[in-house]
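Colleague: Just dropping this structure here.
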Amino acid sequence: MSGPSRRRVLYGASSGAVCIGVAGALARRRRREHGRGGDEDDSGSDEFEPLESTDRGSGASPDLEVSIADTSSPVGAGDRLRVVAEITNRGAADVRTPVEFLVGHDAERVERREMPVAAGETRTARFDFYTYPVPTDDEFPVGVAIEGDIAETTVGVIGASELPTSRPDPEISIREATEVLFEAGALEPDERQTTVWWVDGERVGSPVGGPWEAAYYGELDAHYHRETFEEDGTHEVAAAVVPADDEEETYAARWTVEVAEDGLPSPAVEPLRPDGDTVSVTRGESVEFELEATREDGGLDRVVWWLTQADTILGVTDLEGETDTARLTTDSLCHTCRVLPWVICEDGTVASPESAWVIDEVRERSADGMTVSIRGTNSPVPAGDTLEVIVDLENTGSTYREDELELIVGHDPERVDTQPVSLEGGATGSATLEFETYPVRQDERFPVRIVGADDEDEVTVEVVA
Numbered sequence: 001m002s003g004p005s006r007r008r009v010l011y012g013a014s015s016g017a018v019c020i021g022v023a024g025a026l027a028r029r030r031r032r033e034h035g036r037g038g039d040e041d042d043s044g045s046d047e048f049e050p051l052e053s054t055d056r057g058s059g060a061s062p063d064l065e066v067s068i069a070d071t072s073s074p075v076g077a078g079d080r081l082r083v084v085a086e087i088t089n090r091g092a093a094d095v096r097t098p099v100e101f102l103v104g105h106d107a108e109r110v111e112r113r114e115m116p117v118a119a120g121e122t123r124t125a126r127f128d129f130y131t132y133p134v135p136t137d138d139e140f141p142v143g144v145a146i147e148g149d150i151a152e153t154t155v156g157v158i159g160a161s162e163l164p165t166s167r168p169d170p171e172i173s174i175r176e177a178t179e180v181l182f183e184a185g186a187l188e189p190d191e192r193q194t195t196v197w198w199v200d201g202e203r204v205g206s207p208v209g210g211p212w213e214a215a216y217y218g219e220l221d222a223h224y225h226r227e228t229f230e231e232d233g234t235h236e237v238a239a240a241v242v243p244a245d246d247e248e249e250t251y252a253a254r255w256t257v258e259v260a261e262d263g264l265p266s267p268a269v270e271p272l273r274p275d276g277d278t279v280s281v282t283r284g285e286s287v288e289f290e291l292e293a294t295r296e297d298g299g300l301d302r303v304v305w306w307l308t309q310a311d312t313i314l315g316v317t318d319l320e321g322e323t324d325t326a327r328l329t330t331d332s333l334c335h336t337c338r339v340l341p342w343v344i345c346e347d348g349t350v351a352s353p354e355s356a357w358v359i360d361e362v363r364e365r366s367a368d369g370m371t372v373s374i375r376g377t378n379s380p381v382p383a384g385d386t387l388e389v390i391v392d393l394e395n396t397g398s399t400y401r402e403d404e405l406e407l408i409v410g411h412d413p414e415r416v417d418t419q420p421v422s423l424e425g426g427a428t429g430s431a432t433l434e435f436e437t438y439p440v441r442q443d444e445r446f447p448v449r450i451v452g453a454d455d456e457d458e459v460t461v462e463v464v465a
């Protein structure tokens, strides 16, 4: 089935308004895909190749119509825009139709899905996409295409303001295969925000991020993105920042990266102490880690020390000049975890040692005491529900012993519960500590730690928005 497309504009106007951007671009794309030439005759034709249905029900030709029922336009540039379409089957047979969501004057296909529509019924299809963080107000067409029909509207974005805090400087010159760390600073300390990253016009990564992004933001008040530039030339990087409490105003940071032979390289990292790739430690005792960082032409800035698996930052050490030594002393180590330093320069270039220190053994203290071990939790829990942490206890001594357990949560550690415990010599027992989680708006992963006078244990838990 082919024929002219119907067009609708619901951007603050009646359905009689006309927007030909998506339909025209879609027609040109269909002709190219079907080998019928390019743009030789675009001016007088508004037909396009219909999408092919994968299931025509009992065999009758479907009579499908699509309309755009609503959009969230206008949104702040960089924020997520939603388009709601309705697909109506006016025929007598159930059908299954492909549905395409198209964006922009070139009708870029953002999403394609298959949808069943029963005879005489209307189905709702919701589409979301993140807009690019342009600095000025803008409008563009969006469309939803099904077999034999297309609906269009015009949507708008409100230009993004300049992000007050970002690193490194907007102009960067580096060598090929160099990695850069970009940071989008928090608008307000301890306030939630969403950051969406773009490299050369393509969205990269997930806006939700992961446990490392959350830990970095909690510790350093900035979201980050690491990108390796393999090809010479000019590259554009952008970060769109959307505050949690503002539906329209958004912010953006932008960088221009020039990759050339005369650009600056990554820093060099040489682990010094402890000697070797593996480290054995005694629980509760501190260990010092040391490295040497070098960067020709100077510009060393800092070291961020990560503890992998625990997904936590152990500390941040300042650097300066062309060569500098960084040291970290910590007792917060776990079996099979790695101590992984990021050496960062002022221009954002970043590097880590080829091999990091692996904690291959955590020995218990030889003295008698009460050991604690987290048996399990009820993670993941819905946001706002109570998280329970079950702890096994053992008095390794021969005499009666009392202790008070503490439940510590978060990347910014906070004590949320305590419980007194006691055991006879050689006895074992258990305890349960708990706290009410915060009603977060996005999924969160964070560490929880049980601390006693003689021992402690830590796990990572998840709260589901």
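Under my numbering, the residues of the sequence shown are numbered 1 to 465, in order.
Where a beta carbon is used, it is the ideal one built from N, C-alpha and C, also for glycine.
#1: Taking C-beta to C-beta, are residue 435 and residue 211 nearer than 9 Å?
#2: Which same chain residues, not among the five before or five after residue 273, have their C-beta less than 8 Å away from its C-beta?
#3: Just to confirm, is the Cβ distance from residue 155 to residue 74 under 9 Å?
#4: With respect to the alpha helix (DSSP H) encompassing residue 168, which residues constitute its N-terminal and C-terminal limits?
#5: Identify the continuous alpha helix (DSSP H) that holds residue 214 and give its terminal residues.
#6: Among 159, 88, 179 and 397, which residue has its Cα nearest to the Cα of residue 120?
#7: When DSSP labels each residue in this structure, what does residue 69 get in the three-state scheme?
#8: Is residue 345 helix, strand or coil when you go by DSSP?
#9: Taking the straight line between their C-alpha atoms, what separation do you get for residue 159 and residue 100?
#10: At which residues does the beta strand (DSSP E) containing residue 98 begin and terminate?
#11: What residues match up with residue 139 in a beta bridge as DSSP calls it?
#12: Per DSSP, what kind of secondary structure is residue 243 in: helix, strand or coil?
#13: So the candidates are 391, 260, 417 and 206; which of them puts its Cα closest to the Cα of residue 235?
#14: Measuring alpha carbon to alpha carbon, tell me which residue in 360, 214, 126 and 263 is nearest residue 180.
#15: With DSSP as the reference, please indicate the residues paired to residue 419 in a beta bridge.
#16: Say whether the stretch 302–318 touches the stretch 215–225, bearing in mind that this needs 3 or more beta-carbon pairs closer than 8 Å, one atom from each stretch.
#17: Should residue 395 go down as buried or exposed, given a rule of 16 or more other Cβ atoms within 10 Å for buried?
#18: Following a CB-centred definition, is residue 114 positioned closer than 8 Å to any heavy atom of the ligand GDP?
#19: In the DSSP assignment, find the beta strand (DSSP E) that holds residue 373 and state where it starts and stops.
#20: So residue 109 is in the beta strand (DSSP E); what residue range does that whole segment cover?
#21: What number of angstroms, rounded off, separates the C-alpha of residue 461 from the C-alpha of residue 270?
#22: Between which two residues does the beta strand (DSSP E) holding residue 431 run?
#23: How far does the beta strand (DSSP E) with residue 273 in it extend, from its first residue to its last?
#24: Is it right to say residue 455 is buried, meaning 16 or more other beta carbons lie within 10 angstroms of its own, or is it exposed?
#25: Assuming contact is defined by CB atoms lying nearer than 9 Å, are residue 84 and residue 113 in contact in what I supplied?
#26: Quick check on this structure: which residue in 393, 279 and 138 has the alpha carbon closest to the alpha carbon of residue 340?
#27: Could you pull the start and end residues of the beta strand (DSSP E) that residue 126 belongs to?
#28: Taking one C-beta from the stretch 376–395 and one from the stretch 413–431 each time, how about it: are there three or more such pairs within less than 8 Å?
#29: Along the chain, where does the beta strand (DSSP E) containing residue 185 start, and where does it finish?
#30: Among the residues of its own chain, which have a CB less than 6 Å from the CB of residue 324, if the five just before and after it don't count?
#31: Where do the ends of the beta strand (DSSP E) carrying residue 258 lie?
#32: Out of curiosity, what's the CA-to-CA distance linking residue 505 and residue 182?
Modeller: This is what the structure holds:
#1: Note that the C-beta distance between residue 435 and residue 211 is not below 9 Å.
#2: The answer, listed in chain order, is 288, 289 and 290.
#3: Yes, these two residues count as a Cβ contact at 9 Å.
#4: For residue 168, no alpha helix (DSSP H) segment is defined, and its DSSP state is neither H nor E.
#5: Segment 211–220, the alpha helix (DSSP H) holding residue 214.
#6: Among 159, 88, 179 and 397, the Cα nearest to that of residue 120 belongs to 88.
#7: Correct three-state label for residue 69: strand.
#8: Under the three-state reduction of DSSP, residue 345 is assigned to strand.
#9: Residue 159 and residue 100 have their C-alpha atoms roughly 27 Å apart.
#10: Taken as a continuous stretch (DSSP letters only), the beta strand (DSSP E) holding residue 98 covers 95–103.
#11: Residue 139 is bridged by DSSP to 156.
#12: In this structure, DSSP gives residue 243 an extended state, which the three-state scheme calls strand.
#13: Measuring C-alpha to C-alpha distances from residue 235 to each of 391, 260, 417 and 206 identifies 260 as the nearest.
#14: With distances taken between Cα atoms, residue 180 lies closest to 263.
#15: Bridge partners of residue 419: 405.
#16: As far as the Cβ criterion goes, the stretch 302–318 touches the stretch 215–225, which means the pair count is three or higher.
#17: So residue 395 ends up on the buried side.
#18: Ligands are entirely absent from the displayed structure, and the ligand GDP is therefore not among its contents.
#19: Where residue 373 is concerned, the enclosing beta strand (DSSP E) starts and stops at 370–377.
#20: Unbroken beta strand (DSSP E) run through residue 109: 108–117.
#21: Taking C-alpha positions only, residue 461 is separated from residue 270 by approximately 34 Å.
#22: Looking at the DSSP string, the run of the beta strand (DSSP E) that includes residue 431 is 428–436.
#23: Looking at the DSSP string, the run of the beta strand (DSSP E) that includes residue 273 is 268–273.
#24: Buried.
#25: The beta carbons of residue 84 and residue 113 sit no closer together than 9 Å.
#26: Answer by Cα proximity: 279.
#27: Run containing residue 126: 122–130, per the beta strand (DSSP E) assignment.
#28: Here the stretch 376–395 lies against the stretch 413–431, with 3 or more beta-carbon pairs under 8 Å apart.
#29: Here the beta strand (DSSP E) through residue 185 covers 178–185.
#30: Same-chain partners within the cutoff: 293 and 300.
#31: Per DSSP, residue 258 belongs to the beta strand (DSSP E) from 251–259.
#32: The structure shown does not extend to residue 505, since the chain spans only 1 to 465, so no value can be given for it.
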